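Counting in this note's numbering, the sequence shown runs from 1314 upward without gaps. Cβ atoms here follow ideal geometry from the backbone N, Cα and C, with glycine treated the same way. Remember, it's a predicted structure, so these values are computed and weren't measured experimentally. As structure tokens, the structure follows; a few thoughts come after it.
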Amino acid sequence: MDHVFHRSLSATLPVIDRGEGVFVFDTDGKKYLDACGGAAVSCLGHSDARVKQAIVDQLDRIPFAHTAFYTSEAAEVLADRLTAAAPGNLDRVYFVSGGSEATETALKLARQYFVEKGEPG
């Protein structure tokens, strides 16, 4: 197991095998409080039965529907919840997969706004 390029070249990291709630366990069974965060990580806990079932249910229906061509009940329900919680007149959402894509999309939307107003420069 030496082909993953980790941030530290000298550290020997524990090999995490499973997670339960806020804890992860290595291959030797040692328990760690998972206080890590990072890109694309939701703090939902590990192995939550409700989360796993919701994922399975959605995968059984439709795992992906490209927003340029389709919508889905899951996307519409989430959009309704987000806009209900948003301040002011923020009543539209645009789903992307991460921070860099969100930044790129914000730039494109801002440009499109000014193009539509006749001020493309």
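Is the beta carbon of residue i sitting closer than 8 Å to the one on residue j?
{"i": "Leu1346", "j": "Val1364", "result": "no"}
{"i": "Ser1360", "j": "Gly1332", "result": "yes"}
{"i": "Ser1437", "j": "Ala1392", "result": "Past the edges of the chain, shown from 1314 to 1434, lies residue 1437, and the structure says nothing about it."}
{"i": "Thr1396", "j": "Val1406", "result": "yes"}
Excluding the 5 residues flanking residue i on each side, which residues of the same chain have their C-beta closer than 7 Å to its C-beta?
{"i": "Phe1408", "result": "Thr1380 and Ala1388"}
{"i": "Phe1427", "result": "Pro1433"}
{"i": "Thr1418", "result": "Tyr1407 and Val1409"}
CB-CB under 6 Å to residue i, same chain, minus the five flanking residues each way: which ones, in chain order?
{"i": "Lys1421", "result": "none"}
{"i": "Val1337", "result": "Ile1329, Tyr1345 and Asp1347"}
{"i": "His1316", "result": "none"}
{"i": "Thr1340", "result": "Val1328 and Asp1330"}
Using a Cβ-Cβ cut-off of 8 Å (strictly less than) and excluding sequence neighbours within five positions of residue i, which residues of its own chain qualify?
{"i": "His1319", "result": "Leu1326"}
What runs of the alpha helix (DSSP H), each 4 residues or longer, lie entirely inside the region 1360 to 1397?
Entirely contained in the region 1360 to 1397, the alpha helix (DSSP H) runs reaching 4 residues are, in chain order, 1362 to 1374.
Can you list, in chain order, the stretches of the beta strand (DSSP E) that have 3 or more residues and sit fully within the region 1324 to 1359?
As summarised for the region 1324 to 1359, the continuous beta strand (DSSP E) elements at least 3 residues long and confined to that stretch are 1329 to 1333, 1336 to 1339 and 1344 to 1346, given in chain order.
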